[in-house]
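Input: a single structure, listed below in structure tokens.
Number of protein chains: 4
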Amino acid sequence: MDPKSPEFIIDQPLKILGFVFDELSATRVSGHLTLTEKCCQPFKVLHGGVSALIAEALASLGAGIASGFKRVAGIHLSIHHLRPAALGEIVFAESFPVSVGKNIQVWEVRLWKAKKTETPDNKIMVSTSRVTLFCGLPIPDHVKDAPDELKKVISKL
Amino acid sequence: MDPKSPEFIIDQPLKILGFVFDELSATRVSGHLTLTEKCCQPFKVLHGGVSALIAEALASLGAGIASGFKRVAGIHLSIHHLRPAALGEIVFAESFPVSVGKNIQVWEVRLWKAKKTETPDNKIMVSTSRVTLFCGLPIPDHVKDAPDELKKVISKL
Amino acid sequence: MDPKSPEFIIDQPLKILGFVFDELSATRVSGHLTLTEKCCQPFKVLHGGVSALIAEALASLGAGIASGFKRVAGIHLSIHHLRPAALGEIVFAESFPVSVGKNIQVWEVRLWKAKKTETPDNKIMVSTSRVTLFCGLPIPDHVKDAPDELKKVISKL
Amino acid sequence: MDPKSPEFIIDQPLKILGFVFDELSATRVSGHLTLTEKCCQPFKVLHGGVSALIAEALASLGAGIASGFKRVAGIHLSIHHLRPAALGEIVFAESFPVSVGKNIQVWEVRLWKAKKTETPDNKIMVSTSRVTLFCGLPIPDHVKDAPDELKKVISKL
Chain A
1 MDPKSPEFII DQPLKILGFV FDELSATRVS GHLTLTEKCC QPFKVLHGGV
51 SALIAEALAS LGAGIASGFK RVAGIHLSIH HLRPAALGEI VFAESFPVSV
101 GKNIQVWEVR LWKAKKTETP DNKIMVSTSR VTLFCGLPIP DHVKDAPDEL
151 KKVISKL
Chain B
1 MDPKSPEFII DQPLKILGFV FDELSATRVS GHLTLTEKCC QPFKVLHGGV
51 SALIAEALAS LGAGIASGFK RVAGIHLSIH HLRPAALGEI VFAESFPVSV
101 GKNIQVWEVR LWKAKKTETP DNKIMVSTSR VTLFCGLPIP DHVKDAPDEL
151 KKVISKL
Chain C
1 MDPKSPEFII DQPLKILGFV FDELSATRVS GHLTLTEKCC QPFKVLHGGV
51 SALIAEALAS LGAGIASGFK RVAGIHLSIH HLRPAALGEI VFAESFPVSV
101 GKNIQVWEVR LWKAKKTETP DNKIMVSTSR VTLFCGLPIP DHVKDAPDEL
151 KKVISKL
Chain D
1 MDPKSPEFII DQPLKILGFV FDELSATRVS GHLTLTEKCC QPFKVLHGGV
51 SALIAEALAS LGAGIASGFK RVAGIHLSIH HLRPAALGEI VFAESFPVSV
101 GKNIQVWEVR LWKAKKTETP DNKIMVSTSR VTLFCGLPIP DHVKDAPDEL
151 KKVISKL
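Chains as they are written, first to last, in the working numbering: chain A, 1 to 157; chain B, 1 to 157; chain C, 1 to 157; chain D, 1 to 157.
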């Protein structure tokens, strides 16, 4: 895994699990993940912790962009696991802002998989989350370049 | 990474991040994690999603053991991120039951790091979670051996 | 306050605060509340606990109807308080199911107030909640008539 | 109900339900409530919304005192309902800080009832909550006296 690849700079844990970003903006962050053994728990379904990891990652990236690349920190995650997704299936993820304040942002994150049958609303909701984030934390010297690096990498995606 | 190693069978995502189990029982699950790049977000501190992954994993294992190795599924996680932990630090994790009912269990999970100074209570709380789990889901045929395999592996740890 | 009035039978705490139901069905429960001193905290804005009370009440009623008037019990509430609502303002509330399973239901509840200006989307979101409910609890003898009474009262509203 | 009585100034909704404060400090807020019809849902057990109201109220008061009577606002509540409490029983409530930061505080709130038998730990946990609060909001002119009034009333309790 190339440590200088864009996805690696944006979010290493997600990259290691095989997550692929589709969209990264101040109003929507999305992507998808094919479930391999690395993403599953012993009963060969999506690990609830991987769902939670995706939720925190997408919401934090979205809030960071929406804050103008300030430093944001997640302070709370609330995630409901609704339906299982099995080894080998593809899970789609989407995040959008519920509330964008000066200090506090709240982002919703939805994970779903496609129904086998071609029905109009062919989404089966796998999990749904709310992430509360605090914006504008000070940026320590040793990571002062992180915002610009993120901005550069995201613009190239 | 040996796919037949006990840790790999118990929880692959945790194993990939380098988490090490210390205790696995019906009343307490614990372990620790040295923070490498794989566990961090762009500002070189513990990724909130990794905290959440640890919380879901430890609570699910504890609830599974407490249910007599029935199949349990997390239905909700609520996690508060309180203090950052930096690249290179060691984070300790502990989970214990808040409520063990026939259908519903609630487990608390605490992550902390040691204070630099040797004070009596030398814990700095990094995150604190509550995981709600539903117990007694049916076990599909293709994973019918999972409970016994888990039992065997955990007993050898 | 007439203890035999329909609203009193449906939900006493809500009735005492002055909440008025608009719709009660298996797919949508709604109503509104004019904020008096009884609903406010010392800074003369809607008390967060009153928002939470409305969320639990509407979700429980909706889940009860959706379960065919079985006994349901809320097991978890997660509520985000987004914007204040002041003494004298009217707050509108709406609840709808996110997931309706045999044992577990998840309902969303939204509280909002109208913007002063007539813009298309003239809602200011005050709070947004997710309520997790467990369905099918046994009904003790001394309250065995409660489901029928609820059904009768709701049908007359 | 005397609108100038201390309890009324501190928290009207709680006062209307009959809640009695026992302790009010920067490190612990506690009290108790005898369950009357006003506090119950149709199955004659404690209404989950009343539990949530108590949690928000106690945490907000504690955080307000801990912040030096600044204006605090709850931004998130996560409450687990664990065991029912029936009409006529007494429920005890206690709140204490999990984390007190400059901007963000997290308080835990526990509600319990006494076991019928005199066992050492004779608490049956009814609900357990975490409340996240944002501190230091501006105080509008029309309520600029609220902090001093609260301080005066609490000191007399």
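The beta-carbon is built from N, C-alpha and C at its ideal position, and this holds for glycine as well.
Keep in mind it's a predicted model, so treat the numbers as computed, not measured.
- prompt: Enumerated in chain order, which unbroken segments of the beta strand (DSSP E) with a length of 3 residues or greater are wholly contained in the stretch 7 to 94 of chain D?
  reply: 20 to 24, 29 to 34, 71 to 81
message: If I measure Cβ to Cβ from Gly18 of chain C and keep anything under 8 Å in the same chain, skipping five residues before and after, which residues do I get?
response: Leu33, Thr34, Thr36, Lys38, Cys39
message: Is there a C-beta anywhere in chain D that falls below 8 Å from the one on Phe43 of chain C?
response: yes
query: Comparing the C-beta of Ser99 of chain B with each C-beta of chain F, is any distance below 8 Å?
result: Absence of chain F from the displayed structure is noted, the protein chains being A, B, C and D.
query: What's the gap between the Cα of Thr132 of chain D and the Cα of Ile9 of chain D?
result: 23 Å
task: Could you tell me which of A:Phe96, A:Gly49, A:Arg71, A:Thr117 sits nearest to Asp141 of chain A, measuring between CA atoms?
output: Across the set A:Phe96, A:Gly49, A:Arg71, A:Thr117, the C-alpha of A:Arg71 shows the shortest separation from the C-alpha of Asp141 of chain A.
- request: Report yes or no: is there a C-beta of chain A within less than 8 Å of the C-beta of Arg130 of chain C?
  value: Interface criterion met: the Cβ of Arg130 of chain C is under 8 Å from a Cβ in chain A.
task: Return the Cβ separation of Ala93 of chain A and Leu111 of chain A in integer angstroms, given the expectation that the two are a contact with Cβ distance under 8 Å.
output: 5 Å
query: Exposed or buried, Ser95 of chain B, counting other C-beta atoms within 10 Å across all chains shown (16 or more means buried)?
result: buried
- prompt: With 8 Å set as the bound, which would you pick, yes or no: does the beta-carbon of His80 of chain D sit closer than that to a beta-carbon of chain C?
  reply: yes
- prompt: Closer than 8 Å, CB to CB, is Glu56 of chain A near chain B or not?
  reply: Interface criterion met: the Cβ of Glu56 of chain A is under 8 Å from a Cβ in chain B.
message: Looking at chain C, is there any beta carbon in it that lies within less than 8 Å of the beta carbon of Asp11 of chain D?
response: yes
message: In the DSSP output, which residue or residues are listed as bridge partners for Leu150 of chain A?
response: Answer by DSSP bridge pairing: none, since Leu150 of chain A is not bridged.
message: Does the distance between the C-beta of Val106 of chain D and the nearest non-hydrogen atom of the ligand NAP fall short of 7 Å?
response: With respect to small molecules bound, the structure shown includes none, and the ligand NAP cannot be examined in it.
query: So what does DSSP say about Lys102 of chain C, is it helix, strand or coil?
result: In this structure, DSSP gives Lys102 of chain C a state outside helix and strand, which the three-state scheme calls coil.
message: For Ile139 of chain D and Pro147 of chain D, I'd like the C-alpha separation in whole angstroms.
response: 9 Å
task: Return helix, strand or coil for Lys123 of chain C, following the three-state DSSP convention.
output: strand
message: Short of 7 Å in beta carbon distance, which residues of its chain neighbour Pro6 of chain B, apart from the five on each side in sequence? Order them along the chain.
response: Val153, Lys156, Leu157
field: Separation of Leu53 of chain B from Ala63 of chain D, as counted between CA atoms
entry: Roughly 29 Å separates the two Cα atoms.
message: Within 10 Å of its beta-carbon, does Thr128 of chain A have 16 or more other beta-carbons around it, so buried, or fewer, so exposed?
response: buried
field: Buried versus exposed call for Ile90 of chain A [16 or more other C-beta atoms within 10 Å across all chains shown]
entry: exposed
task: Alpha carbon to alpha carbon, how far is Asp22 of chain B from Leu61 of chain C? Give it in angstroms, no decimals.
output: 45 Å
message: Using only CA atoms, which one of C:Thr27, C:Ala85, C:Pro13, C:Ile16 lies nearest to Gly48 of chain C?
response: C:Ala85
query: Beta-carbon separation of Ser25 of chain C and Ile65 of chain C under 8 Å?
result: yes
field: Under the three-state DSSP convention, the category Ser129 of chain B falls into
entry: strand
field: Assigned exposure category for Val109 of chain D - 16 Cβ within 10 Å defines buried
entry: buried
task: Between the Cα of Val20 of chain D and those of D:Lys123, D:Leu58, D:Arg83, spot the shortest distance and give me the residue it belongs to.
output: D:Leu58
task: Mark Gly101 of chain B as exposed unless 16 or more other C-beta atoms lie within 10 angstroms of its C-beta, in which case mark it buried.
output: Exposure of Gly101 of chain B is indicated by the presence of fewer than 16 other C-beta atoms within 10 angstroms of its C-beta.
- prompt: To the nearest whole angstrom, what separates the beta carbons of Ser99 of chain A and Leu137 of chain C, a pair I think is in contact under 8 Å?
  reply: The pair is not a contact, with the Cβ atoms about 35 Å apart (cut-off 8 Å).
message: Within 8 Å of any Cβ in chain B, is that where the Cβ of Ile139 of chain C sits?
response: no
message: Classify Ala114 of chain C: buried if its beta carbon has 16 or more other beta carbons within 10 angstroms, exposed otherwise.
response: exposed
message: Just checking: is the beta-carbon of Val126 of chain D within a distance shorter than 8 Å of some beta-carbon in chain B?
response: no
query: Straight-line CA distance for Met125 of chain C to Val106 of chain A?
result: 12 Å
query: Is there at least one Cβ from chain A nearer than 8 Å to Val153 of chain C's Cβ?
result: False, the Cβ-Cβ gap to chain A never drops below 8 Å.
task: Check the Cβ-Cβ distances between Phe134 of chain B and every residue of chain C, and say whether any is below 8 Å.
output: Yes, its Cβ sits closer than 8 Å to a Cβ of chain C.
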